[in-house]
Amino acid sequence: MTGLDDRPRPQQAPGAVDAVRVLVVDDDPQILRALRINLTAHGYQVATARDGRSALTSVGDIHPDVVVLDLGLPDLDGTDVIAGLRAWTHVPIVVLSARTDSADKVTALDSGADDYVTKPFGMAELLARLRAAVRRAATTTGGGDSAVSFGDVEIDLESKRVRRSGEIVHLTPTEWEMLEMLVRHRGKIVPQRQLLRHVWGPRHEERTNYLRVYLAQLRRKLEADPAHPRHLLTEPGMGYRLEL
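Residues in the sequence shown are numbered from 1 upward in steps of one, following full-length UniProt numbering.
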């Protein structure tokens, strides 16, 4: 008799067709079980891994559409897993971690994670983050469109023009640089330092007040209700996100 093949295999909800494949990586068996049950019930194909090395192997074996990754693994730190995956794949990675310190969040995002959810978490929020990550991956695999729209706003990256309800919106060069960065990474959190480095240069990576000022200006020009933005979003302690 040959040895058992213990590689994680996706579990699919009955009747699901072409379901999204998700790999859940966590060393807590209760969390793995709860996520497997909930995600399968929502139509996902679910595979699990309990350590970093198994996760790296599993991604190559099953080619998931999205990875849910804990940072506190028994063999590798989650950021090392992110770096290992980013060396060869663009699969969306949603970190699910009990680490709430801003530095841990920024490190994970800088390493290549697409999103960060803290434990304890709501299942509805996690499902929404997974949908957004998969949606963003689907829109960028074709090379990225030069025209993007949300609400009544149209943004053309090639001509560097922004229109709202058909009318030209005049942006300052700094506003445009910030907006362009968010558009090119739409659906994904852009860390504060990455934005500051891109727009103002490496000597201004601590000037987070710059970001607050210019994001407020962009919201006034582009959001229907700047006080309650739906598209130009702040992720506290992490960065900013453009949701279409």
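For each residue, glycine too, the CB sits at the ideal point set by N, CA and C.
Only a predicted model underlies this, so the values are computations on that prediction, with no experimental measurement involved.
List the residues that DSSP assigns as beta-bridge partners of E167.
-> E167 is bridged to R164.
Rounded C-beta distance between T69 and A47? I'm assuming under 8 Å.
-> Per the sequence presented here, residue 69 reads as Leu, with Thr not at that position. About 13 Å separates the beta carbons of L69 and A47, which is beyond the 8 Å limit, so they are not a contact pair.
Apply the 10 Å Cβ neighbour rule to R129 and answer buried if 16 or more other Cβ atoms are within range, or exposed otherwise.
-> Sixteen is the threshold: when 16 or more other Cβ atoms of the shown chains lie within 10 Å of the Cβ of R129, as they do, the residue is buried.
Please check the pair V213 and E177, which I expect to be a contact at CB under 8 Å, by giving their CB distance rounded to whole angstroms.
-> Not quite, the Cβ-Cβ distance comes to about 14 Å (not below 8 Å), so this is no contact.
Which residues bound the alpha helix (DSSP H) around L179?
-> For L179, the enclosing alpha helix (DSSP H) covers residues P173 to R184.
Stretch-stretch touch, CB-based, cutoff 8 Å, three pairs: the region 116 to 134 with the region 93 to 102 = Proximity of the region 116 to 134 to the region 93 to 102 meets the contact definition, three or more beta-carbon pairs being nearer than 8 Å.
If we ignore side chains and look at the alpha-carbon of each, how far apart do V106 and D114 end up?
-> The straight-line gap from Cα to Cα measures roughly 11 Å.
Within the same chain, show all residues whose beta-carbon is closer than 6 Å to that of D26, passing over the 5 residues directly before and after it, in chain order.
-> Sequence-distant Cβ neighbours of D26 in its own chain, meaning closer than 6 Å and more than five residues away, are L32 and D70.
In or out: I168 buried (at least 16 other Cβ within 10 Å) or exposed?
-> Its Cβ having fewer than 16 others within 10 Å, I168 is exposed.
Quick one: using the 10 Å Cβ neighbour count with 16 as the cut-off for buried, is T40 buried or exposed?
-> Around the Cβ of T40, a 10 Å sphere holds 16 or more other Cβ atoms; the residue is buried.
With a CB to CB cut of under 8 Å and the five nearest residues on each side skipped, what residues in its chain are close to M238?
-> Excluding sequence neighbours, M238 sits near S102, K105, V106, L109, Y116, I189, P191 and Q192.
Proximal residues to V134 (C-beta, below 7 Å), its chain only, five neighbours per side dropped = Excluding residues within five positions, the ones whose Cβ falls inside 7 Å are V20, D65, V66 and P92.
Skipping 5 residues on each side, what residues in its chain have a beta carbon closer than 6 Å to that of G52?
-> Contacts found: L73, D75, L76 and V81.
Which residues in the same chain as L233 place their Cβ atom closer than 8 Å to its Cβ, once the five residues preceding and following it in sequence are excluded?
-> If we look at L233 and ignore the five residues flanking it on each side, its Cβ neighbours are Y240, R241, L242 and E243.
Simplified DSSP assignment, three categories, for S54 | Three-state result, S54: helix.
Can P229 and R220 be called in contact, C-beta distance under 7 Å?
-> No.
If you check the beta carbons only, do L56 and G84 fall under 7 Å apart?
-> Yes, the Cβ-Cβ distance between L56 and G84 is below 7 Å.
Selected residue, minimal CA-CA separation from A87, among R186, R184 and S111 = Closest by alpha carbon: S111.
Quick one: which unbroken alpha helix (DSSP H) runs of 4-plus residues sit fully inside the UniProt domain "Response regulatory" (21 to 134)? Chain order, please.
-> You should have 29 to 41, 52 to 62, 78 to 86 and 102 to 111.
Quick one, are the C-beta atoms of D156 and R164 less than 7 Å apart?
-> In terms of Cβ geometry, D156 and R164 do not form a close pair [threshold 7 Å].
Where does R241 sit, in a helix, a strand or coil, going by DSSP?
-> Of the three classes helix, strand and coil, the one that applies to R241 here is strand, per DSSP.
Neighbourhood of residue 254 by C-beta distance below 6 Å, restricted to the same chain and skipping five residues each side = There is no way to answer for residue 254, as the model of the chain reaches only from 1 to 244.
Start and end residues, alpha helix (DSSP H) containing L232 = For L232, there is no enclosing alpha helix (DSSP H); the residue is part of the beta strand (DSSP E) that begins and ends at L232 to E235.
Between E235 and the rest of its own chain, which residues show a CB-CB distance below 7 Å, the 5 nearest in sequence each way excluded?
-> Taken in chain order, the residues that qualify are I189 and R241.
Return the chain-ordered list of same chain residues with a C-beta closer than 6 Å to the C-beta of A49, the five sequence neighbours on each side being excluded.
-> P8, V25, A55 and S58.
Selection from A132, T172 and A224 that minimises the alpha carbon distance to G187 | In terms of CA proximity to G187, A132 leads the group A132, T172 and A224.
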